[in-house]
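FYI, in full-length UniProt numbering the residues of the sequence shown are 1 to 532.
By construction, the Cβ of each residue, glycine as well, lies at the ideal position given by its N, Cα and C atoms.
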Amino acid sequence: MKKRIMEAMQRFSKAMFIPILILPIEGILIAFGNLFTNPRLLEVLPFLDNPITTGFGTILTGSLVSILTNLGLIFAVGIAIGLANKEKAIAGFTSLLGYLVFVNAMNRFMQISGILHEGESLQGTGQTMVLGVQVLDMGVFLGLILGIVTAIVHNRFIDTEFKGAFQIYGGSRFVFIVLIPVVILLSVALTFIWPFFQSGITGLGSLIQNSGSFGIFLYGALERLLIPTGLHHLIYTPFLYTSLGGVAEVGGQVFEGARNIYYAEIIDPNVKELSASVVWDARGISKMFGLIGACLAMYHMAKPENKGKAKAILIPAAVTSFIAGVTEPIEFSFLFVAPVLFVVHAVLSGLGMVLFDLLNVRAIGPNGMIDFLLFNVPLGIEKTHWPTYILIGLMSFAAYYVAFRFLIQKFNFKTIGREDEGAETKLYSKEDYKEKKSKGTAPTPEQQGNVGLAPVIVDALGGAQNIKTVTNCYTRLRLTVEQPEKVDADVLKQQTGASGVIIKDENVQVVYGLQVTNIRKDVESFLGLETN
């Protein structure tokens with residue numbers, strides 16, 4: 001049972017990345033559009049104060065906000081695509097149809113039952129408008145539920161075929177035929193059941209909100225501690241996109257989730273100060289500052305003869321974390337050789353978020369310095385208090401540096417540059433790849449391209465026959481295999497540049513960083529799978 005639950009959570013976590021990876025792009029574009037209508041910026045750059053640029057900014061931000069109000073639909077399609085075993089595009093399309101059927105079925109049933117609220121305002125009624133249809137306010141949870149249900153029906157019946165005159169009703173058509181009564185019955189059932197779940201969610205949200213610094217610390221620490229399992233997305237996503245992260249009315253419209261509220265508030269000129277819910281999106285402090293201090297400590301503690309190699313490895317990883325918020329190459333450089341450091345990292349990350357809240361900071365930088373500058377600086381100090389964010393970041397840098405340096409020296413942890421003589425490091429730079437290639441042991445992307453790595457990767461995973469599924473998230477190649485004992489983690493790290501390998505039952509995660517999408521496509525091409 002435990003194995004099945006873990007596998008289900010792993011699959012769901014992978015599926016979540018379909019919609020989650022799109023949403024930050026939407027946020028960046030909203031912030032970009034806001035630049036052209038921001039009064040402060042127009043005062044500094046008066047040439048932007050013209051109908052063309054301001055009109056462009058208004059259209060861009062206004063059109064993208066519609067994504068925030070339709071997250072249920074986006075998650076329904078994304079989850080169905082992520083969980084589908086095959087014919088993923090068809091699964092996404094079927095989920096869209098199921099979503100439309102669901103909202104209209106629920107609306108009709110609520111109308112027949114006499115529980116459809118009549119009045120101009122739906123605020124506080126537990127009901128809302130979804131695609132112009134009045135239903136129970138389920139938010140993102142509606143998308144999660146329908147995405148899962150659609151994927152289950154799709155995987156079960158996509159291969160069903162008929163003969164003769166009924167042949168046309170097989171495959172994807174039969175999936176939709178089965179899905180219709182399932183969705184209708186689900187809409188009826190949730191009409192009665194969801195209010196109880198909503199009460200529980202609201203109560204949990206209130207408990208978390210009222211738990212003060214301890215709740216924030218626990219959230220921040222768990223979000224980091226779960227990185228090795230790949231389940232950390234299940235911690236922060238509900239806070240960013242559901243009522244657990246707060247509920248606020250902005251411009252006459254109700255938004256749920258810290259990220260959604262933030263995006264709505266930054267484009268509303270009537271909002272003078274951002275909501276406190278932004279604290280749930282303060283994870284960037286450790287990414288932009290804390291882990292940079294950890295890298296500096298590891299470099300200073302490296303053996304003199306290895307400092308050149310340590311610098312070549314740590315600088316690119318630190319820059320990537322600072323600029324783009326990708327932390328796993330750094331985290332996996334000490335996760336397995338010194339787990340204590342990873343626990344300290346989680347604790348310091350949680351404490352940084354607590355300080356963020358205590359000092360009333362309203363700035364965010366979830367994906368590094370680029371996001372930080374684009375989101376916060378144009379809004380002004382009064383609205384975001386962004387200089388205090390920098391101050392907390394510098395404090396985090398110092399705390400990480402002191403803690404890591406002390407612990408590495410005290411316990412002689414074999415971090416980058418401190419390995420025993422003859423031992424391989426756990427994170428490889430381009431120079432290491434070239435050196436290994438010259439010895440005939442590892443091809444480099446520059447010399448053979450990522451396609452040249454695909455055979456090595458597949459072989460290290462136990463061969464093509466051992467691989468069942470191949471997907472990826474932001475930084476990891478995620479696979480399921482028949483026999484996990486055949487996976488050679490050392491080869492993946494030493495010969496393909498992986499900075500970490502996690503094997504949990506049949507689930508395998510190989511950390512490659514930002515180039516993982518190209519690697520996944522090359523592996524799929526090598527295996528003869530459909531690339532998506």
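Beta-carbon separation of G171 and I152 under 8 Å? no
Distance, A80 Cα to D522 Cα: 24 Å
Start-end ranges of the beta strand (DSSP E) lying completely within the stretch 193-255, minimum 3 residues: 247-250
Looking only at its chain, what residues have a beta carbon closer than 8 Å to the beta carbon of S429, apart from the 5 residues adjacent to it on each side? Note that S429 has pLDDT 38, beneath the 50 cutoff, so the model's placement of it is unreliable and the number below is only indicative. So the list reads K309, A312, I313 and P316, once near-sequence residues are dropped.
Excluding sequence positions up to five away, which residues of its chain have a Cβ less than 7 Å from the Cβ of D137? G126, Q127 and T128
Rounded to whole angstroms, how far is the Cβ of L240 from the Cβ of A258, which I believe are closer than 8 Å? 5 Å
Separation of A403 from M369, as counted between CA atoms: 24 Å
Compute the Euclidean distance between the alpha carbons of T473 and A338, then round it to the nearest angstrom. Sequence inspection shows Cys at residue 473; the Thr mentioned does not correspond to that position. If I take the Cα positions, the gap works out to 25 Å.
Apply the 10 Å Cβ neighbour rule to S211 and answer buried if 16 or more other Cβ atoms are within range, or exposed otherwise. exposed
Touch check for the stretch 263-277 and the stretch 331-351: three-plus C-beta pairs under 8 Å? no
Give the list of continuous alpha helix (DSSP H) stretches no shorter than 4 residues that lie fully inside the stretch 266-329. 291-300 and 307-324
Sort L179, Q198, F174 and L244 by Cα distance to L207 and report the nearest one. L244
Might you give, ordered along the chain, the residues of its own chain that have their beta carbon closer than 6 Å to the beta carbon of A460, omitting 5 neighbours on each side? D488, V491 and L492
Please state the DSSP three-state secondary structure of I467. strand
Grouping DSSP H, G and I as helix and E and B as strand, with all else coil, what is I486? Note on residue identity: the sequence assigns Lys, not Ile, to residue 486. Three-state DSSP puts K486 in a helix.
Residue burial classification, H345 (beta-carbon count within 10 angstroms, cutoff 16): buried
Provide the residue span of the alpha helix (DSSP H) that contains K504, from first to last. Run containing K504: none in the alpha helix (DSSP H); it sits in the beta strand (DSSP E), G500 to K504.
Count the C-beta pairs between the stretch 41-52 and the stretch 104-122 that are closer than 8 Å, then say yes if the count reaches three, no if not. no
Which same chain residues, not among the five before or five after I235, have their C-beta less than 8 Å away from its C-beta? Y219, L222, E223 and L226
For V135, write down the residues that DSSP places opposite it in a beta bridge. T128
Determine the direct distance from the alpha carbon of A297 to that of G290, and round the result to whole angstroms. 11 Å
Report the three-state DSSP secondary structure of L514 (helix, strand or coil). helix
May I ask you to report which of helix, strand or coil DSSP gives N107? helix
R362 in three-state terms, based on DSSP: coil
Since I44 sits in a beta bridge, which residues does DSSP pair it with? A small correction: the amino acid at residue 44 is Val; Ile does not occupy that position in the sequence shown. Its beta-bridge partners do not exist; DSSP assigns none.
Rounded C-beta distance between N507 and E7? I'm assuming under 8 Å. 6 Å
Do the stretch 87-98 and the stretch 268-286 touch if we need at least three Cβ pairs shorter than 8 Å? no
Quick check: the Cα distance between A363 and D268, rounded to an integer number of angstroms? 16 Å
Would you call the stretch 375-390 and the stretch 318-325 touching, i.e. three or more CB-CB distances under 8 Å? no
Answer yes if the stretch 90-98 comes into contact with the stretch 61-81, meaning at least three C-beta pairs across the two stretches below 8 Å, and no otherwise. yes
Please state if the CB of F102 and the CB of V183 are separated by a distance shorter than 8 Å. yes
Nearest to I28 by alpha carbon, out of K14, V65, F12 and E43? V65
Whether or not the stretch 96-112 and the stretch 131-148 are in contact is what I'm after, with contact meaning three or more pairs of Cβ atoms, one per stretch, closer than 8 Å; do they touch? yes
Alpha carbon to alpha carbon, how far is G393 from M16? Give it in angstroms, no decimals. 29 Å
What is the DSSP secondary structure of T480, counted as helix, strand or coil? strand
According to DSSP, is N367 part of a helix, a strand, or is it coil? coil
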